[in-house]
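Below: the structure, in structure tokens.
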Amino acid sequence: MPELDINDPELTARLADVDYFTAKLNDATAALRDYLAACRAPPHAARPQDDGWPMDAGHPDLVSPIEAARRVAHDDDTIRRWAAAHGIGRQYRKRWRISLRRLNAFMADPARKM
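The sequence shown begins at -15 in this note's numbering and counts up one residue at a time.
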């Protein structure tokens, strides 16, 4: 935005706020685009022996059992049990991480057994 010669301090402050929030919105938009690209990316960063699981526990598709439980309105112990029994999660350094893609597919499967 070009600099304007404005003598009104309130207007100048509000324009500065707009610039600040525009920059924040642009940063958030870029982060969202990066997240979506990572989720759509082929599992080339996955270990072949782990059947397509990301190597990094911080991958955008992976969440904690507590976050997964919050998303599907179930208990986190249930999520851990499903992770072990149905392959929707795996352990990274002794901590469970749940794949959102696998969790969503599991929840949408009409043949699933609780």
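Virtual Cβ for every residue (Gly too), placed ideally from N, Cα, C.
Inside the segment 17 to 87, DSSP marks whole beta strand (DSSP E) runs of 3 or more residues at positions 73 to 76, 79 to 83, from first to last along the chain. Taking 8 angstroms as the upper bound for CB-CB distance, residue 67 and residue 82 are in contact here, some 6 angstroms apart. Between residue 90 and residue 70, the beta carbon gap of about 6 angstroms places them in contact (Cβ cut-off 8 angstroms). Separation of residue 19 and residue -9 (C-alpha to C-alpha, rounded to the nearest whole angstrom) is 42 angstroms. The alpha-carbon separation between residue 60 and residue 48 amounts to approximately 9 angstroms.
Exclusion of the five residues before and after residue 41 leaves 76, 77, 79, 81 as the residues of its chain whose Cβ lies within less than 8 angstroms of its Cβ. If you ignore the 5 residues before and after residue 50, its C-beta comes within less than 7 angstroms of the C-beta of 60, all in its own chain and listed in chain order. As the crow flies, the alpha-carbon of residue -1 is around 40 angstroms from that of residue 84. Rounded to the nearest angstrom, the gap between the Cα atoms of residue 9 and residue 17 is 12 angstroms.
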